[in-house]
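Have a look at the structure below, then the notes.
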Amino acid sequence: MRLRSFFFSSIFSLSRSHSPSPSLPSSRLSSSLSAAMSPAPEKSRQGNGECNNDLKSKVTVVGSGNWGSVAAKLIASNALKLSSFHDEVRMWVFEELLPNGEKLTDVINKTNENVKYLPGIKLGKNVVADPDLENAVKEANMLVFVTPHQFMDGICKKLDGKITGDVEAISLVKGMEVKKEGPCMISSLISKQLGINCCVLMGANIANEIAVEKFSEATVGYRESREIADTWVQLFSTPYFMVTPVHDVEGVELCGTLKNVVAIAAGFVDGLEMGNNTKAAIMRIGLREMKALSKLLFPSVKDSTFFESCGVADVITTCLGGRNRRVAEAFAKSGGKRSFDELEAEMLQGQKLQGVSTAREVYEVLNHCGWVEMFPLFSTVHQICTGRLQPEAIVHYRDHKA
1 MRLRSFFFSS IFSLSRSHSP SPSLPSSRLS SSLSAAMSPA PEKSRQGNGE
51 CNNDLKSKVT VVGSGNWGSV AAKLIASNAL KLSSFHDEVR MWVFEELLPN
101 GEKLTDVINK TNENVKYLPG IKLGKNVVAD PDLENAVKEA NMLVFVTPHQ
151 FMDGICKKLD GKITGDVEAI SLVKGMEVKK EGPCMISSLI SKQLGINCCV
201 LMGANIANEI AVEKFSEATV GYRESREIAD TWVQLFSTPY FMVTPVHDVE
251 GVELCGTLKN VVAIAAGFVD GLEMGNNTKA AIMRIGLREM KALSKLLFPS
301 VKDSTFFESC GVADVITTCL GGRNRRVAEA FAKSGGKRSF DELEAEMLQG
351 QKLQGVSTAR EVYEVLNHCG WVEMFPLFST VHQICTGRLQ PEAIVHYRDH
401 KA
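Residue 273 in the UniProt record's numbering sits at position 273 of the sequence shown, with consecutive numbering throughout.
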(Lines of atoms letter the chains of each structure in order from A; the text may use other names.)
(Lines give C-alpha, C1' and ligand atoms only; values in the text may rest on other atoms or scores of the structure.)
Protein backbone atom coordinates (compact mmCIF):
# COMPACT_ATOMS: atom_id res chain seq x y z
CA MET A 1 0.00 0.00 0.00
CA ARG A 2 2.84 2.37 0.85
CA LEU A 3 4.53 1.64 -2.47
CA ARG A 4 1.31 2.33 -4.32
CA SER A 5 0.81 5.62 -2.45
CA PHE A 6 4.37 6.68 -3.16
CA PHE A 7 3.88 5.87 -6.85
CA PHE A 8 0.80 8.05 -7.17
CA SER A 9 2.48 10.78 -5.08
CA SER A 10 5.40 10.77 -7.51
CA ILE A 11 3.10 10.98 -10.51
CA PHE A 12 1.32 13.92 -8.90
CA SER A 13 4.65 15.66 -8.29
CA LEU A 14 5.60 15.26 -11.93
CA SER A 15 2.29 16.59 -13.19
CA ARG A 16 2.24 19.65 -10.93
CA SER A 17 5.58 20.82 -12.31
CA HIS A 18 3.85 21.31 -15.67
CA SER A 19 0.60 22.80 -14.38
CA PRO A 20 -0.43 26.25 -15.64
CA SER A 21 0.56 29.16 -13.44
CA PRO A 22 -1.61 32.09 -12.34
CA SER A 23 -0.78 35.56 -13.57
CA LEU A 24 1.87 37.54 -11.73
CA PRO A 25 1.71 40.86 -9.90
CA SER A 26 2.25 43.96 -11.98
CA SER A 27 5.82 45.17 -11.35
CA ARG A 28 8.81 45.41 -13.64
CA LEU A 29 10.11 41.99 -12.72
CA SER A 30 6.75 40.28 -12.34
CA SER A 31 5.52 41.60 -15.68
CA SER A 32 8.51 40.14 -17.43
CA LEU A 33 8.17 36.87 -15.52
CA SER A 34 4.52 36.62 -16.47
CA ALA A 35 5.48 37.04 -20.10
CA ALA A 36 8.13 34.38 -19.66
CA MET A 37 5.44 31.93 -18.55
CA SER A 38 3.16 32.59 -21.53
CA PRO A 39 1.90 29.56 -23.49
CA ALA A 40 4.00 30.50 -26.51
CA PRO A 41 7.44 31.34 -25.14
CA GLU A 42 9.37 31.26 -28.40
CA LYS A 43 10.85 34.63 -29.24
CA SER A 44 9.49 36.45 -32.24
CA ARG A 45 12.18 38.42 -34.05
CA GLN A 46 9.71 40.43 -36.06
CA GLY A 47 7.64 43.07 -34.41
CA ASN A 48 4.54 42.22 -32.41
CA GLY A 49 5.88 39.21 -30.50
CA GLU A 50 8.98 40.95 -29.20
CA CYS A 51 8.89 42.05 -25.58
CA ASN A 52 9.78 45.64 -24.74
CA ASN A 53 13.48 45.78 -23.80
CA ASP A 54 12.66 47.73 -20.63
CA LEU A 55 10.53 44.83 -19.38
CA LYS A 56 12.97 42.07 -20.22
CA SER A 57 14.60 40.29 -17.31
CA LYS A 58 18.36 39.98 -17.20
CA VAL A 59 19.97 36.91 -15.67
CA THR A 60 23.40 36.68 -14.06
CA VAL A 61 24.93 33.45 -12.82
CA VAL A 62 27.22 34.13 -9.85
CA GLY A 63 29.71 31.29 -10.10
CA SER A 64 31.44 29.39 -12.88
CA GLY A 65 32.60 26.06 -11.56
CA ASN A 66 31.40 22.71 -12.81
CA TRP A 67 27.78 23.12 -11.66
CA GLY A 68 27.73 26.88 -12.27
CA SER A 69 28.74 26.35 -15.89
CA VAL A 70 26.03 23.74 -16.37
CA ALA A 71 23.47 26.08 -14.81
CA ALA A 72 24.55 28.82 -17.24
CA LYS A 73 24.13 26.39 -20.14
CA LEU A 74 20.59 25.47 -19.07
CA ILE A 75 19.55 29.09 -18.52
CA ALA A 76 21.18 30.35 -21.73
CA SER A 77 19.27 27.87 -23.87
CA ASN A 78 15.96 29.03 -22.39
CA ALA A 79 16.81 32.75 -22.41
CA LEU A 80 16.95 32.55 -26.19
CA LYS A 81 13.43 31.11 -26.28
CA LEU A 82 11.60 33.12 -23.61
CA SER A 83 10.44 36.44 -25.00
CA SER A 84 10.68 38.32 -21.71
CA PHE A 85 14.37 37.57 -21.13
CA HIS A 86 17.41 39.22 -22.60
CA ASP A 87 19.37 36.82 -24.75
CA GLU A 88 22.60 37.56 -22.92
CA VAL A 89 23.32 35.60 -19.75
CA ARG A 90 26.25 36.90 -17.73
CA MET A 91 28.38 34.54 -15.67
CA TRP A 92 30.69 35.84 -12.97
CA VAL A 93 34.04 34.05 -13.14
CA PHE A 94 36.66 34.07 -10.40
CA GLU A 95 39.59 34.92 -12.63
CA GLU A 96 42.33 32.32 -12.98
CA LEU A 97 45.37 31.95 -15.20
CA LEU A 98 45.47 28.77 -17.24
CA PRO A 99 48.73 26.82 -17.74
CA ASN A 100 49.19 28.51 -21.16
CA GLY A 101 49.08 31.95 -19.51
CA GLU A 102 45.62 32.90 -20.81
CA LYS A 103 42.90 34.19 -18.51
CA LEU A 104 40.03 31.78 -17.94
CA THR A 105 37.47 34.51 -18.68
CA ASP A 106 39.06 35.31 -22.04
CA VAL A 107 39.11 31.65 -23.03
CA ILE A 108 35.45 31.16 -22.06
CA ASN A 109 34.39 34.16 -24.14
CA LYS A 110 36.57 33.11 -27.06
CA THR A 111 35.72 29.40 -27.16
CA ASN A 112 32.29 29.43 -25.49
CA GLU A 113 33.61 26.72 -23.17
CA ASN A 114 34.80 26.56 -19.57
CA VAL A 115 37.94 24.63 -20.41
CA LYS A 116 38.94 24.17 -16.75
CA TYR A 117 35.72 23.17 -15.03
CA LEU A 118 33.51 21.88 -17.86
CA PRO A 119 35.77 20.99 -20.80
CA GLY A 120 34.22 19.84 -24.05
CA ILE A 121 30.81 21.44 -23.41
CA LYS A 122 29.57 24.54 -25.27
CA LEU A 123 27.78 26.88 -22.90
CA GLY A 124 25.81 28.80 -25.51
CA LYS A 125 26.97 31.78 -27.52
CA ASN A 126 24.84 34.08 -25.37
CA VAL A 127 26.84 33.31 -22.21
CA VAL A 128 29.28 36.15 -21.40
CA ALA A 129 31.95 35.55 -18.76
CA ASP A 130 32.78 38.54 -16.55
CA PRO A 131 35.56 38.61 -13.89
CA ASP A 132 34.13 41.75 -12.24
CA LEU A 133 31.45 40.71 -9.73
CA GLU A 134 29.79 44.11 -9.44
CA ASN A 135 29.72 44.61 -13.19
CA ALA A 136 28.36 41.10 -13.74
CA VAL A 137 25.30 41.70 -11.56
CA LYS A 138 24.73 45.28 -12.73
CA GLU A 139 21.27 45.64 -14.31
CA ALA A 140 20.46 41.98 -13.63
CA ASN A 141 17.16 41.36 -11.89
CA MET A 142 17.46 37.58 -11.66
CA LEU A 143 20.53 36.32 -9.81
CA VAL A 144 21.59 32.67 -9.72
CA PHE A 145 24.09 31.91 -6.96
CA VAL A 146 26.17 28.76 -7.48
CA THR A 147 29.55 28.86 -5.70
CA PRO A 148 31.10 26.80 -2.88
CA HIS A 149 29.21 27.75 0.27
CA GLN A 150 32.32 28.90 2.13
CA PHE A 151 32.65 31.82 -0.31
CA MET A 152 29.08 33.09 -0.05
CA ASP A 153 29.52 35.37 2.97
CA GLY A 154 32.32 37.24 1.20
CA ILE A 155 30.35 37.48 -2.04
CA CYS A 156 27.31 38.88 -0.25
CA LYS A 157 29.44 41.45 1.57
CA LYS A 158 30.89 42.62 -1.76
CA LEU A 159 27.38 42.97 -3.21
CA ASP A 160 25.88 44.67 -0.15
CA GLY A 161 24.32 47.92 -1.31
CA LYS A 162 24.96 47.10 -4.98
CA ILE A 163 21.68 45.25 -5.59
CA THR A 164 18.83 47.66 -6.23
CA GLY A 165 15.35 47.48 -7.69
CA ASP A 166 13.02 44.53 -8.10
CA VAL A 167 15.45 41.61 -7.93
CA GLU A 168 14.88 37.89 -7.39
CA ALA A 169 17.52 35.33 -6.47
CA ILE A 170 17.90 31.57 -6.41
CA SER A 171 20.61 29.62 -4.62
CA LEU A 172 22.11 26.40 -5.93
CA VAL A 173 24.63 26.51 -3.09
CA LYS A 174 24.82 23.49 -0.78
CA GLY A 175 25.91 24.37 2.74
CA MET A 176 25.27 26.62 5.72
CA GLU A 177 26.92 29.35 7.75
CA VAL A 178 27.26 28.66 11.46
CA LYS A 179 26.97 31.82 13.53
CA LYS A 180 26.83 32.47 17.28
CA GLU A 181 23.06 32.66 17.16
CA GLY A 182 22.81 29.36 15.29
CA PRO A 183 22.89 28.00 11.73
CA CYS A 184 22.10 30.33 8.84
CA MET A 185 21.06 28.79 5.53
CA ILE A 186 22.63 30.31 2.42
CA SER A 187 19.26 31.46 1.07
CA SER A 188 18.68 33.35 4.33
CA LEU A 189 22.17 34.84 4.14
CA ILE A 190 21.42 36.14 0.65
CA SER A 191 18.02 37.50 1.66
CA LYS A 192 19.27 39.22 4.80
CA GLN A 193 22.46 40.74 3.40
CA LEU A 194 21.09 41.75 -0.02
CA GLY A 195 17.47 42.43 0.92
CA ILE A 196 15.98 40.20 -1.79
CA ASN A 197 13.77 37.13 -1.92
CA CYS A 198 15.71 33.92 -2.52
CA CYS A 199 14.44 30.54 -3.70
CA VAL A 200 16.64 27.42 -3.82
CA LEU A 201 17.28 24.68 -6.38
CA MET A 202 18.57 21.30 -5.23
CA GLY A 203 18.38 17.75 -6.54
CA ALA A 204 20.03 14.60 -7.77
CA ASN A 205 22.28 16.58 -10.08
CA ILE A 206 25.72 15.33 -11.06
CA ALA A 207 26.77 18.23 -13.24
CA ASN A 208 28.73 16.32 -15.87
CA GLU A 209 25.73 14.10 -16.63
CA ILE A 210 23.41 17.08 -17.10
CA ALA A 211 26.05 18.77 -19.26
CA VAL A 212 25.76 15.95 -21.80
CA GLU A 213 21.97 16.11 -21.52
CA LYS A 214 21.25 12.93 -19.63
CA PHE A 215 17.83 13.06 -17.97
CA SER A 216 17.72 14.46 -14.45
CA GLU A 217 15.34 16.09 -11.97
CA ALA A 218 15.62 18.96 -9.51
CA THR A 219 13.50 20.70 -6.90
CA VAL A 220 12.88 24.44 -6.52
CA GLY A 221 12.05 25.41 -2.96
CA TYR A 222 10.17 28.67 -2.48
CA ARG A 223 8.98 30.68 0.50
CA GLU A 224 6.73 33.42 -0.82
CA SER A 225 5.53 33.57 -4.41
CA ARG A 226 4.55 30.40 -6.28
CA GLU A 227 4.59 32.52 -9.44
CA ILE A 228 8.26 33.37 -9.00
CA ALA A 229 9.01 29.71 -8.31
CA ASP A 230 7.22 28.72 -11.51
CA THR A 231 9.36 31.17 -13.44
CA TRP A 232 12.55 29.67 -12.05
CA VAL A 233 11.18 26.27 -13.01
CA GLN A 234 10.64 27.46 -16.57
CA LEU A 235 14.03 29.15 -16.76
CA PHE A 236 15.83 25.93 -15.80
CA SER A 237 13.59 23.29 -17.36
CA THR A 238 14.58 21.47 -20.53
CA PRO A 239 13.46 18.12 -22.01
CA TYR A 240 16.32 16.48 -20.11
CA PHE A 241 16.13 18.53 -16.88
CA MET A 242 12.75 18.41 -15.14
CA VAL A 243 12.17 20.79 -12.22
CA THR A 244 9.39 20.67 -9.60
CA PRO A 245 8.42 23.54 -7.24
CA VAL A 246 7.93 22.82 -3.51
CA HIS A 247 6.71 25.28 -0.88
CA ASP A 248 9.52 24.46 1.57
CA VAL A 249 12.76 26.44 1.20
CA GLU A 250 14.35 25.16 4.41
CA GLY A 251 13.51 21.52 3.71
CA VAL A 252 14.83 21.60 0.15
CA GLU A 253 17.98 23.48 1.15
CA LEU A 254 18.79 21.29 4.14
CA CYS A 255 18.42 18.18 2.00
CA GLY A 256 20.96 19.59 -0.45
CA THR A 257 23.28 20.50 2.41
CA LEU A 258 23.13 17.45 4.67
CA LYS A 259 23.30 14.80 1.96
CA ASN A 260 26.98 15.69 1.45
CA VAL A 261 27.73 14.46 4.98
CA VAL A 262 25.99 11.17 4.19
CA ALA A 263 28.03 10.93 0.98
CA ILE A 264 31.25 11.20 2.99
CA ALA A 265 30.07 8.27 5.12
CA ALA A 266 29.24 6.28 1.97
CA GLY A 267 32.73 6.98 0.65
CA PHE A 268 34.27 5.57 3.83
CA VAL A 269 32.23 2.41 3.32
CA ASP A 270 33.41 2.10 -0.28
CA GLY A 271 37.04 2.73 0.62
CA LEU A 272 36.92 -0.01 3.25
CA GLU A 273 35.11 -2.36 0.83
CA MET A 274 32.34 -3.01 3.32
CA GLY A 275 29.82 -3.86 0.59
CA ASN A 276 26.42 -2.76 -0.67
CA ASN A 277 24.41 -3.86 2.39
CA THR A 278 26.50 -1.65 4.64
CA LYS A 279 26.28 1.25 2.21
CA ALA A 280 22.50 0.92 2.00
CA ALA A 281 22.30 0.96 5.80
CA ILE A 282 24.46 4.10 5.99
CA MET A 283 22.26 5.81 3.39
CA ARG A 284 19.08 4.91 5.29
CA ILE A 285 20.46 6.08 8.64
CA GLY A 286 21.79 9.22 6.97
CA LEU A 287 18.43 10.07 5.43
CA ARG A 288 16.76 9.57 8.81
CA GLU A 289 19.23 11.91 10.50
CA MET A 290 18.76 14.46 7.69
CA LYS A 291 15.02 14.48 8.32
CA ALA A 292 15.32 14.58 12.11
CA LEU A 293 17.81 17.47 12.15
CA SER A 294 15.88 19.43 9.55
CA LYS A 295 12.72 19.24 11.65
CA LEU A 296 14.54 20.21 14.84
CA LEU A 297 16.01 23.28 13.15
CA PHE A 298 12.87 24.21 11.20
CA PRO A 299 9.61 22.56 12.40
CA SER A 300 7.88 23.77 9.22
CA VAL A 301 9.89 21.35 7.07
CA LYS A 302 7.55 18.94 5.26
CA ASP A 303 7.89 15.16 5.30
CA SER A 304 7.03 15.03 1.60
CA THR A 305 10.10 17.11 0.71
CA PHE A 306 12.33 14.13 1.49
CA PHE A 307 10.66 12.19 -1.34
CA GLU A 308 11.43 14.88 -3.90
CA SER A 309 14.56 14.92 -6.07
CA CYS A 310 16.30 17.07 -3.43
CA GLY A 311 15.76 14.36 -0.83
CA VAL A 312 16.09 10.60 -1.26
CA ALA A 313 17.11 10.87 -4.93
CA ASP A 314 19.98 13.23 -4.14
CA VAL A 315 21.17 10.99 -1.30
CA ILE A 316 21.25 8.02 -3.67
CA THR A 317 23.08 9.72 -6.54
CA THR A 318 25.57 11.51 -4.29
CA CYS A 319 26.40 8.33 -2.40
CA LEU A 320 26.90 6.49 -5.69
CA GLY A 321 28.82 8.97 -7.80
CA GLY A 322 29.46 12.40 -6.28
CA ARG A 323 32.83 14.03 -5.58
CA ASN A 324 32.35 13.82 -1.79
CA ARG A 325 31.99 10.03 -2.01
CA ARG A 326 35.04 9.72 -4.29
CA VAL A 327 37.36 11.74 -2.08
CA ALA A 328 36.11 10.05 1.11
CA GLU A 329 36.76 6.67 -0.52
CA ALA A 330 40.37 7.71 -1.21
CA PHE A 331 40.69 8.97 2.37
CA ALA A 332 39.53 5.62 3.77
CA LYS A 333 41.81 3.66 1.44
CA SER A 334 44.76 5.62 2.81
CA GLY A 335 43.73 4.67 6.34
CA GLY A 336 43.10 8.33 7.08
CA LYS A 337 46.78 9.13 6.53
CA ARG A 338 46.22 11.51 3.60
CA SER A 339 44.41 14.74 4.43
CA PHE A 340 41.20 15.82 2.74
CA ASP A 341 42.94 19.03 1.65
CA GLU A 342 45.62 17.01 -0.13
CA LEU A 343 43.08 14.70 -1.77
CA GLU A 344 40.88 17.62 -2.81
CA ALA A 345 43.78 19.33 -4.56
CA GLU A 346 44.83 16.12 -6.29
CA MET A 347 41.41 14.79 -7.34
CA LEU A 348 39.14 17.78 -7.97
CA GLN A 349 41.26 20.07 -10.20
CA GLY A 350 40.29 23.24 -8.37
CA GLN A 351 36.76 22.27 -7.39
CA LYS A 352 35.85 22.41 -3.72
CA LEU A 353 34.78 19.59 -1.43
CA GLN A 354 31.61 20.44 0.49
CA GLY A 355 30.96 17.46 2.74
CA VAL A 356 33.90 17.83 5.15
CA SER A 357 33.22 21.50 5.94
CA THR A 358 29.48 20.80 6.19
CA ALA A 359 30.17 17.92 8.61
CA ARG A 360 32.14 20.35 10.78
CA GLU A 361 29.38 22.95 10.66
CA VAL A 362 26.71 20.37 11.47
CA TYR A 363 28.78 19.10 14.41
CA GLU A 364 29.11 22.66 15.73
CA VAL A 365 25.32 22.97 15.65
CA LEU A 366 24.84 19.58 17.33
CA ASN A 367 27.39 20.37 20.03
CA HIS A 368 25.93 23.83 20.68
CA CYS A 369 22.41 22.44 21.01
CA GLY A 370 23.36 19.32 23.00
CA TRP A 371 22.24 16.99 20.22
CA VAL A 372 25.47 15.09 19.50
CA GLU A 373 24.18 11.79 20.95
CA MET A 374 21.00 12.05 18.88
CA PHE A 375 22.92 12.06 15.58
CA PRO A 376 25.59 9.33 15.77
CA LEU A 377 26.25 9.14 12.03
CA PHE A 378 26.74 12.88 11.54
CA SER A 379 28.92 13.05 14.67
CA THR A 380 31.03 10.07 13.64
CA VAL A 381 31.65 11.44 10.14
CA HIS A 382 33.03 14.66 11.59
CA GLN A 383 35.27 12.82 14.05
CA ILE A 384 36.67 10.62 11.27
CA CYS A 385 37.31 13.67 9.08
CA THR A 386 39.25 15.36 11.87
CA GLY A 387 41.32 12.26 12.70
CA ARG A 388 39.74 11.58 16.09
CA LEU A 389 38.41 8.26 14.83
CA GLN A 390 39.58 5.83 12.18
CA PRO A 391 37.45 5.32 9.02
CA GLU A 392 36.38 1.88 10.34
CA ALA A 393 34.43 3.67 13.07
CA ILE A 394 31.73 4.55 10.52
CA VAL A 395 29.89 1.35 11.54
CA HIS A 396 31.13 1.14 15.15
CA TYR A 397 28.76 3.43 16.97
CA ARG A 398 25.56 3.11 18.96
CA ASP A 399 22.64 3.85 16.66
CA HIS A 400 20.45 6.18 18.73
CA LYS A 401 16.99 6.79 17.38
CA ALA A 402 17.00 10.35 16.05
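Note that CB positions come from ideal geometry on N, CA and C, so glycine has one too.
Since the structure is predicted, the reported quantities are computational estimates derived from the model, not experimental observations.
In the DSSP annotation of this structure, the continuous segment of the alpha helix (DSSP H) that includes W232 starts and ends at 226 to 236. Across the structure, V269 and A136 are spaced so that their CA atoms are roughly 42 Å apart.
Assignment of beta-bridge partners to P245 by DSSP yields V220. DSSP, reduced to helix, strand and coil, places S64 outside both helices and strands of the structure shown, so it counts as coil. By the neighbour-count criterion, in which 16 or more other beta carbons inside 10 Å mark a residue as buried, M152 falls on the buried side.
When secondary structure is reduced to three states using DSSP, I75 falls in the helix class. Distances from the alpha-carbon of G275 to those of L320, T231, E250 put L320 closest. Where V381 is concerned, there is no enclosing beta strand (DSSP E), although the alpha helix (DSSP H) around it starts and stops at 376 to 385. The stretch 71 to 120 contains, as complete beta strand (DSSP E) runs of 3+ residues, the segments 85 to 92 (chain order). By the 16-neighbour rule on beta-carbons within 10 angstroms, N205 is buried. According to DSSP, M142 shares a beta bridge with V59, E168. A straight line joining the alpha-carbon of L118 with that of E289 spans about 33 Å. Bridge partners of V178 according to DSSP: P183. With fewer than 16 other Cβ atoms inside 10 Å of its own Cβ, F215 counts as exposed. Restricting attention to D132, M91, G101, the CA atom closest to the CA of N114 is found in M91. Residue pairing from DSSP leaves K192 without any beta-bridge partner. The bridge partners DSSP lists for A129 are M91.
Where M202 is concerned, the enclosing beta strand (DSSP E) starts and stops at 197 to 202. Distance from the CA atom of Q390 to the CA atom of A345, rounded to whole angstroms, is 22 Å.
Beta-bridge analysis with DSSP links K122 to E113.
Apart from the 5 residues on each side of it in sequence, C385 sits with its Cβ closer than 6 Å to the Cβ of V356, A359 in its chain, given in chain order.
Closest in alpha carbon position to T257, among A76, I155, V315, W371, is V315. Distances from the alpha-carbon of S84 to those of L104, S57, V200 put S57 closest. Rounded to whole angstroms, the separation of the alpha carbons of V200 and R223 is 9 Å. For C319, the uninterrupted alpha helix (DSSP H) run begins and ends at 314 to 321, by DSSP. C255 and G221 have their C-alpha atoms spaced approximately 11 Å apart.
Here K174 is not near G271, since their CB atoms are 8 Å or more apart.
Annotated three-state conformation of N324 is helix, per DSSP.
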